[in-house]
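Colleague: Here it is: the structure, laid out below.
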Amino acid sequence: MFSLENRVQEYAWGSREAIATLLGQGPSDRPQAELWMGAHPAASSSIELDGSRERLIDAIAGRADAFLGGPTVDRFGARLPFLLKVLAADQPLSLQAHPDEAQARRGFDAENAAGIPIDAPERTYRDPHHKPELLCALTPFDALCGFRPAAALPEVFALLTGGPADALVPRGAAPVDAAAVARLFQGLLALDPAARREVVSSVVEACRARAQAGGWLARASGWALRLHELYPGDIGVVIALLLNDVHLEPGEALYLPPRRMHAYVHGVGIEIMASSDNVLRGGLTPKHVNVDELVRVLDFSPWRVEPVAPRQAGAESFYDTPAPEFRLSRIELDAASTWRTADRRGPEIVLCTRGQASLTDARGVTRALRQGGSIFVPFDSRGYAIEGEGQFFRATVGL
Ligand SMILES: [Zn+2]
């Protein structure tokens, strides 16, 4: 077992307090958006191995069978297939979606064939992997995710009547289906800058009138107004209205399958994802939006999103998803109790979000774990026990 040293990513939307507080530090003078725990090539955690510091990605590559175990190596190769993060959003992230496995492979191969360097700004597919993700709230958490159910969309369409977007909206008996949503979405992104500004300002006016009326559309209108303050004139303000607005209470989680448009808006959470960099942006960003590729990748079908209800087994609550790359669970321990693994499937990372404990593996190796600390448990450590008090997140493969 190895204590992890982790990298903090200082993106502009991050909080100056949440990650610092978790790590037992005073407020940061720079925004801290994400704490990364894993072996991602861009910001691998490091461990102390045989007396020297080594990046976890290198340590794993040299000892794949011992650290990952046969089933993980057979399925994913000599790489840690998941990345665990603490995510602290003071401001909304950009609207984005991630490709599925076939789309990622095809896009990666096509950009390689076209000779686009991996780190070029115009590169979309930086690896051949999909990127499903799960976010478990530590504080009340707000997100936008997936296009709203068909029954709700006409009320949003009503905000678009009159003005340049009017012709894009399905009318009368026209079906409100994936094709209609795709047509509207594509049409909004294809507007010239003047028409775009006009649409955004007329929708913002309509939202101002709705925001006081109560109900879900008032809440959605409130979000649109807030987004417009941060990204004035961005067409993402209008797209955000088409998406489900999801509120999570601490302990609730949201699963983002590939191909669904989403944006985390506000809050602190634990995020686990397939280790990949493939992001297609769709607004609320100064970065380039590759509209054609985004439209090819997105799933436009109307969707009623439900939080993932944890499945409890003793002190451990599992957030089950279909993703084979990861499985997240949360362990709550009362004063001085002991929890033991019942199953080991592959490599694990254990993060302490509250309290303190010691981990002891089957060989008798012990590591201390405090709030904000994390431990990599190689597969060949076999079973282990957590003894102490507090809240712990356990990340492993979903095999
Ligand atoms: Zn995402």
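So for the sequence shown, this note's numbering puts the first residue at 2; every next one is plus one. The beta carbon of each residue, even a glycine, is placed where N, CA and C say it ideally should be. These numbers were taken from a predicted model, which means no experiment stands behind them.
1) What are the complete alpha helix (DSSP H) segments, minimum 4 residues, inside the region 173 to 251?
2) For Q104, name the three-state secondary structure that DSSP assigns.
3) Less than 7 Å between the CB of E134 and some heavy atom of ligand 1, yes or no?
4) Please list, in chain order, all residues of the same chain as R197 whose beta carbon is under 6 Å from its beta carbon, the five residues on each side excluded.
5) Checking 8 Å against the spacing of the C-beta atoms, do L57 and G284 come in under that value?
6) Could you check if H99 belongs to the surroundings of ligand 1, using beta carbon to heavy atom distance under 7 Å?
7) Go through its chain and collect everything with a Cβ distance to A426's Cβ below 6 Å, but skip five positions before and after it.
8) If P150 sits next to W304, beta carbons under 8 Å apart, how far is it from one beta carbon to the other, in whole angstroms?
9) Got a sec? Which residues, its chain only, sit under 6 Å from A179 by beta carbon, not counting five neighbours each side?
10) Where DSSP assigns a beta bridge to T367, which residues make up the other side?
11) Tell me whether the region 119 to 129 and the region 154 to 169 touch, counting them as touching only if at least three CB pairs, one residue from each stretch, are closer than 8 Å.
12) So, for S277: in the same chain, excluding its five sequence neighbours on each side, which residues have a beta-carbon less than 6 Å away from its beta-carbon?
13) Mark L231 as exposed unless 16 or more other C-beta atoms lie within 10 angstroms of its C-beta, in which case mark it buried.
14) Which residues in the same chain as G374 place their Cβ atom closer than 6 Å to its Cβ, once the five residues preceding and following it in sequence are excluded?
15) Which residues in the same chain have their Cβ closer than 8 Å to the Cβ of W14, if we skip the five residues on either side of it in sequence?
16) What do you get for G163, buried or exposed, if any count of 16 or more other CB atoms within 10 angstroms of its CB means buried?
17) Suppose you measure from the CA of H289 to the CA of N245; what does that come to, to the nearest Å?
18) Does the beta carbon of L257 fall short of 7 Å from some heavy atom of ligand 1?
19) Between P308, V266 and F393, which has its C-alpha nearest R341's C-alpha?
20) Around the Cβ of G147, are there at least 16 other Cβ atoms within 10 angstroms (buried) or fewer (exposed)?
21) For the region 2 to 14 against the region 70 to 81, are there 3 or more C-beta pairs whose distance is under 8 Å?
22) Candidates G25, Q10, L24 and S29: which alpha carbon is nearest R17's?
23) I need the boundaries of the beta strand (DSSP E) containing E49, first residue and last residue.
24) Looking at ligand 1, does it come within less than 7 Å of H263, judged from the CB to the closest heavy atom?
Modeller: Judging by the given coordinates:
1) Here the runs fully enclosed are 179 to 191, 194 to 211, 216 to 231 and 237 to 243.
2) Three-state DSSP puts Q104 in a helix.
3) Yes.
4) I236.
5) Result no, Cβ atoms of L57 and G284 do not sit closer than 8 Å.
6) Proximity of the beta carbon of H99 to ligand 1 is indicated: a heavy atom of the ligand is located closer than 7 Å.
7) The question about residue 426 has no answer, for the chain in this structure spans 2 to 400.
8) P150 to W304, Cβ: 7 Å. Contact.
9) These residues qualify, in order along the chain: F301 and S302.
10) T367 is bridged to T361.
11) With fewer than three CB-CB distances shorter than 8 Å, the region 119 to 129 does not count as touching the region 154 to 169.
12) Answer for S277: D128, H130 and K132, listed in chain order.
13) Burial call: exposed.
14) Excluding sequence neighbours, G374 sits near C353.
15) If we look at W14 and ignore the five residues flanking it on each side, its Cβ neighbours are P32, A34, A90, D91, Q92, P93 and L94.
16) By the 16-neighbour rule on beta-carbons within 10 angstroms, G163 is exposed.
17) Between the alpha carbons of H289 and N245 lies a distance of about 24 Å.
18) Correct: L257 has its Cβ closer than 7 Å to ligand 1.
19) Residue F393 is the option with its Cα nearest to R341.
20) Buried, since its Cβ has 16 or more Cβ neighbours within 10 Å.
21) Under the three-pair Cβ rule at 8 Å, the region 2 to 14 does not count as touching the region 70 to 81.
22) Among G25, Q10, L24 and S29, the Cα nearest to that of R17 belongs to S29.
23) If you look at E49, you'll find it in the beta strand (DSSP E) that goes S47 to L50.
24) Answer for H263: yes, Cβ within range of ligand 1.
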